[in-house]
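Down below is the structure, laid out as structure tokens.
There are 2 protein chains.
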Amino acid sequence: MVSQRQDFAIGIDIGGTNTVFGIVDHRGDISYRGAISTRKHDNPNDFIEELYHALQPAIDQVGGMDSIRGIGVGAPNGNYYNGTIEYAPNLPWRGVVPLRDLMTARFQSPCSLTNDANAAAVGEMMYGVARGMKDFIMITLGTGVGSGIVANGQLIYGHDGFAGELGHVTIIPDGRLHKGTGLHGSLEAYASATGVALTANEFLERDPAVPSLLRNFAKEAIDSKVVYDCAMQGDKLAGEVYAFTGKVLGLALANFVMFSSPEAIILFGGMTKAGDLILDPTREHMEKNLLPIFRDKVKLLFSELKEADAAILGASALVWEMKL
Amino acid sequence: MVSQRQDFAIGIDIGGTNTVFGIVDHRGDISYRGAISTRKHDNPNDFIEELYHALQPAIDQVGGMDSIRGIGVGAPNGNYYNGTIEYAPNLPWRGVVPLRDLMTARFQSPCSLTNDANAAAVGEMMYGVARGMKDFIMITLGTGVGSGIVANGQLIYGHDGFAGELGHVTIIPDGRLHKGTGLHGSLEAYASATGVALTANEFLERDPAVPSLLRNFAKEAIDSKVVYDCAMQGDKLAGEVYAFTGKVLGLALANFVMFSSPEAIILFGGMTKAGDLILDPTREHMEKNLLPIFRDKVKLLFSELKEADAAILGASALVWEMKL
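Chains A and B, in that order, give the protein sequences.
For the first sequence, numbering that gives the first Met the number 0 gives the first residue as 0, with consecutive numbering after it.
For the second sequence, numbering that gives the first Met the number 0 gives the first residue as 0, with consecutive numbering after it.
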């Protein structure tokens, strides 16, 4: 491949378990993929050092650092304004980590940082189903629930860089306790993979006489995939778990629509594998809870980006938005 | 006063009962104020004709239409993109009224239209407590609950111009029916003047043995001001009505903060006359429902603009933002 000066961006997604990275061009083609463990180093400098060496073959392949315009990083609790990762509960580094500045110093290249859901929203806007949209909301449904909000063609960061924590919005006052946050009835407590497992176990305990394929599994073995599989085999209780999850999610989405009136809401992450099982009740309850002027207008879409690629693409997309 | 060419803007606020207007300069000084009835004409053209004649003395006073840069209008259900008022339940005109184009044709001057809460937000940003802020949310607490959301220094209009309907967000699922919208448990059903009156009557019926000064009033005579007066005289039940209202409003505000992470939330409208009686429980429950990273950061402020002036100022402020 013949490379031109600064034709490539490095995209890095720091997850709780693994950090994935790739070299991406303007069209969103990923020319190299790699991964290292996030958990290996308690000191972020050691982590960056390993990342630096892991990236060298990729950088060499596209013609060295002269071909790289910059580095984009998505990370939980990543703050776009400060370039810091602040008190991320799922990462091995405590307190506030000045990741952007550490990266810039080691790579001698400009770096931009944001939280993982915001990065996914930017990726979706540049390479995914949100191409051409100026107003949309990205909801990531995984172990937790994250979000990235685009209005007037821009990510909403808020005054402190922390906007878009829609997983922590209260949907059911005095509802289920979220052990990680201490909040009650938040969206994440229900509409995450963790929430689906909790709902399944609650339903099994609430109706002990109701037969269910889920009773063949140990309590701890019931996860969102098991519930999905049972539902697809016609298990009524498992189906009700997804119906309830969609009801809560749909109510939440209606509230979000009345906030920023997006053209589309894009669902992303592991939970979307449940397909219509989650989409149908979500759409029904979203529409039901909307003011008439918003009804039958908002597209409810699944991301079409591969999950592993989306993280890299979204992070790399930050680079093209950099003001250098 | 010596006027320069296009040094003034006309600000018009169309309310359900009256339409108020004024001539405003760049500093936000209102040099003329007037009002006509909104309800007199079933045909919007007749309304505009009366408005045109009512404004002539004001326009003459600043040097004629040559001194006017444009006209800003705030109206319920006003759509910024289309310049139309769409299905406004409290206005005498049915269906979709192309108000911007009708105004431009009659006044021979550019016109900009938005909904009344958005206009108030712009006014607050230019002349009020939100001066210099790029991220804030304006909540109007009157007969109903409206909102204007500013992020990245811009009003959020959404893809269709209807963003910021925070009064209709569901706060208590399956809660109180809002007769106007058919939705259950929306913010407006509780945190409006109408909602306070309903809550007071509910509390009186729920606890018939509990003594209260409110029992000296006929059911229909209990409004938010009566409840306030009784609470200020130490009436416990009346105090609980405001405590409950603040609890619902605070929970709603926490959700809004986790959406756009504003520097401030500015409360505006008749309900703010209750002062600390509404502000204290609202702040307490907002903080309680926030993720820790948002706590003790968001300013909760009352607008300092006079209510009558704010409407005119906000509408006129639209003119300075026009791209001519």
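A virtual CB, placed ideally from N, CA and C, is assigned to each residue, including glycine.
Here the structure is a predicted model, which is why all the values come from computation and not from measurement.
Quick check: what's the CA-CA separation for B:Gln5 versus B:Ile29? Taking the first residue of the second sequence as position 1, residue 5 of chain B is located at position 6. Taking the first residue of the second sequence as position 1, residue 29 of chain B is located at position 30. For the pair B:Gln5 and B:Ile29, the Cα-to-Cα distance works out to about 15 Å.
Any idea what DSSP makes of B:His167, helix, strand or coil? For the purposes of this step, residue 167 of chain B is taken as residue 168 along the second sequence, with counting starting at 1. DSSP places B:His167 within a helical segment (H, G or I) once states are collapsed to three.
Taking C-alpha atoms, which residue in B:Ala87, B:Ala208 and B:Arg175 lies nearest to B:Thr193? Here residue 193 of chain B corresponds to residue number 194 of the second sequence, with the count starting at 1. Distance from the Cα of B:Thr193 is smallest, within the candidate group B:Ala87, B:Ala208 and B:Arg175, for B:Arg175.
Buried or exposed, going by whether 16 or more other CB atoms sit within 10 Å of the CB of A:Asn76? As a first step, residue 76 of chain A is located in the first sequence; it is residue number 77 there, counting from the start. Buried: at least 16 other Cβ atoms inside 10 Å.
Provide the residue span of the alpha helix (DSSP H) that contains A:Met102, from first to last. Residue 102 of chain A sits at position 103 when you count from the first residue of the first sequence. For A:Met102, the uninterrupted alpha helix (DSSP H) segment begins and ends at Leu98 to Phe106.
Whole-angstrom distance between A:Ser211 and A:Cys229, CA atom to CA atom: Mapped onto the first sequence, residue 229 of chain A falls at position 230. Mapped onto the first sequence, residue 211 of chain A falls at position 212. Going by the C-alpha atoms only, they are around 8 Å apart.
Contacts around B:Ser315, its chain only, beta-carbon distance under 6 Å, and the 5 residues preceding and following it disregarded: For the purposes of this step, residue 315 of chain B is taken as the residue at position 316 of the second sequence. Contacts found: Ala8, Gly10, Val23 and Gly71.
Inter-residue Cα distance where the pair is B:Gly233 and B:Leu276: Within the second sequence, numbered from 1, the residue matching residue 233 of chain B stands at position 234. Within the second sequence, numbered from 1, the residue matching residue 276 of chain B stands at position 277. Here the alpha carbons of B:Leu276 and B:Gly233 stand approximately 11 Å from one another.
CB contact check: B:His158 to chain A, cutoff 8 Å: Here residue 158 of chain B corresponds to residue number 159 of the second sequence, with the count starting at 1. Closer than 8 Å to some Cβ of chain A, the Cβ of B:His158 qualifies, so yes.
Please decide whether A:Thr83 counts as near chain B, where near means a Cβ-Cβ distance under 8 Å. The count along the first sequence starts at 1 and reaches residue 83 of chain A at position 84. Chain B, which has no Cβ nearer than 8 Å to the Cβ of A:Thr83, makes this no.
Enumerate in chain order the residues of its own chain whose CB-to-CB distance from B:Leu154 is below 6 Å, with the five nearest sequence positions on each side excluded. For the purposes of this step, residue 154 of chain B is taken as the residue at position 155 of the second sequence. Contacts found: Asn117.
Taking C-beta pairs closer than 8 Å, name the residues in chain B that A:Asp173 reaches, listed in chain order. Within the first sequence, the letter at position 174 stands for residue 173 of chain A. Result: empty, since nearest Cβ-Cβ is about 10 Å, beyond 8 Å.
If I measure Cβ to Cβ from B:Val19 and keep anything under 8 Å in the same chain, skipping five residues before and after, which residues do I get? Within the second sequence, numbered from 1, the residue matching residue 19 of chain B stands at position 20. Within the same chain, B:Val19 has close Cβ partners Ile11, Asp12, Arg32, Gly33, Ala34, Ala307, Ala310 and Ile311.
Between A:Gly268 and the ligand FAD, is there a pair consisting of the residue's CB and a ligand heavy atom that are separated by less than 7 Å? Judged by which ligands are present, the structure shown has none, so any question about the ligand FAD falls away.
Leaving out the 5 sequence neighbours to the left and right, which residues in its chain are closer than 7 Å to A:Ser108 when beta-carbon positions are compared? Walking along the first sequence from the start, residue 108 of chain A turns up at place 109. Met64, Ile67, Gly69 and Ile70.
May I have the straight-line CA-CA distance separating A:Ile136 from B:Leu300, to the nearest angstrom? For this step, residue 136 of chain A is matched to residue 137 along the first sequence. For this step, residue 300 of chain B is matched to residue 301 along the second sequence. For A:Ile136 and B:Leu300, the distance between alpha carbons rounds to 28 Å.
Can you tell me which residues form a DSSP beta bridge with A:Glu85? Here residue 85 of chain A corresponds to residue number 86 of the first sequence, with the count starting at 1. In the DSSP assignment, A:Glu85 is bridged to A:Val95.
Identify, in the order they occur along the chain, each residue of the same chain with its Cβ nearer than 8 Å to the Cβ of A:Gly238, setting aside the five sequence neighbours on each side. For the purposes of this step, residue 238 of chain A is taken as residue 239 along the first sequence, with counting starting at 1. The residues are Ala230 and Leu276.
By how many angstroms is the C-alpha of B:Lys246 removed from the C-alpha of B:Gly160? Working through the second sequence from its first residue, we reach residue 160 of chain B at position 161. Working through the second sequence from its first residue, we reach residue 246 of chain B at position 247. When the Cα atoms are used, B:Gly160 and B:Lys246 turn out to be separated by approximately 30 Å.
Using a beta-carbon distance cut-off of less than 8 Å, what residues from the segment 88 to 108 of chain B approach chain A? So nothing in the stretch comes that close.
Tell me whether B:Thr16 sits in a helix, a strand or coil according to DSSP, three-state version. The residue given as residue 16 of chain B occupies position 17 in the second sequence. DSSP places B:Thr16 in coil when its eight states are reduced to three.
Between the beta-carbon of A:Pro43 and the beta-carbon of A:Leu98, is there less than 8 Å? On the first sequence, position 44 is the one that residue 43 of chain A refers to. On the first sequence, position 99 is the one that residue 98 of chain A refers to. Between A:Pro43 and A:Leu98, the CB-CB gap stays under 8 Å.
Among the residues of its own chain, which have a CB less than 8 Å from the CB of B:Thr37, if the five just before and after it don't count? Along the second sequence, one-based indexing puts residue 37 of chain B at 38. Excluding five sequence positions before and after B:Thr37, the CB atoms of its chain that fall closer than 8 Å to its own CB belong to Ile13, Gly14, Gly15, Thr16, Asn17, Thr18, Phe46, Leu90 and Pro91, given in chain order.
Where does A:Glu303 land, buried or exposed, given buried means 16+ other C-beta within 10 angstroms? By one-based count along the first sequence, residue 303 of chain A stands at place 304. Answer is exposed; the Cβ neighbour count stays below 16.
Decide if B:Glu219 is buried, meaning its Cβ has at least 16 other Cβ atoms within 10 Å, or exposed. On the second sequence, position 220 is the one that residue 219 of chain B refers to. Label assigned to B:Glu219: exposed.
What separation, rounded to the nearest whole angstrom, lies between the Cα atoms of A:Gly122 and A:Tyr80? For the purposes of this step, residue 122 of chain A is taken as residue 123 along the first sequence, with counting starting at 1. For the purposes of this step, residue 80 of chain A is taken as residue 81 along the first sequence, with counting starting at 1. In a straight line, the C-alpha of A:Gly122 is about 19 Å away from that of A:Tyr80.
B:Val96 to B:Asp279, Cα distance in whole Å? Along the second sequence, one-based indexing puts residue 96 of chain B at 97. Along the second sequence, one-based indexing puts residue 279 of chain B at 280. Rounded to whole angstroms, B:Val96 and B:Asp279 show a C-alpha spacing of 41 Å.
According to DSSP, which residues form a beta bridge with B:Ser111? The count along the second sequence starts at 1 and reaches residue 111 of chain B at position 112. Paired residues: B:Gly71.
Measure from the alpha carbon of B:Phe267 to the alpha carbon of each residue in B:Ala57, B:Gly181 and B:Ile138, then state which is nearest. Position 268 of the second sequence, counted from the first residue, corresponds to residue 267 of chain B. B:Ile138 is the residue among B:Ala57, B:Gly181 and B:Ile138 whose C-alpha sits nearest the C-alpha of B:Phe267.
Close beta carbons around A:Tyr156, own chain, < 6 Å, minus the five adjacent residues each side: As a position in the first sequence, residue 156 of chain A is number 157, starting the count at 1. Closer than 6 Å at Cβ, skipping near neighbours: Tyr79 and Ala162.
Three-state secondary structure assigned by DSSP to A:His52: Residue 52 of chain A sits at position 53 when you count from the first residue of the first sequence. Here A:His52 carries a helix assignment [DSSP, helix/strand/coil].
Where A:Met64 sits in the DSSP three-state scheme: Walking along the first sequence from the start, residue 64 of chain A turns up at place 65. A:Met64: helix per DSSP, three-state reduction.
In the segment 252 to 280 of chain B, which residue ranges form an unbroken beta strand (DSSP E) of at least 3 residues, counting only runs that do not cross its ends? For secondary structure counted as the beta strand (DSSP E) over 3 or more consecutive residues, the segment 252 to 280 of chain B holds these complete runs in sequence order: 263 to 267.
Own chain residues within Cβ distance below 6 Å of B:Val318, not counting five before or after: Reading the second sequence from its first residue, position 319 is the one you call residue 318 of chain B. Correct list, in chain order: Ala8, Arg68, Gly69 and Gly71.
Along chain D, in chain order, which residues have C-beta atoms closer than 8 Å to that of B:Pro261? Included in the structure are the protein chains A and B, with no chain D among them.
Would you identify the three-state DSSP class for A:Ser2, choosing helix, strand or coil? Position 3 of the first sequence holds residue 2 of chain A. Low per-residue confidence applies at A:Ser2: pLDDT is 45, beneath 50, and the placement is therefore not dependable, though the value from the model is reported in the following sentence. In this structure, A:Ser2 counts as coil in the three-state DSSP scheme.
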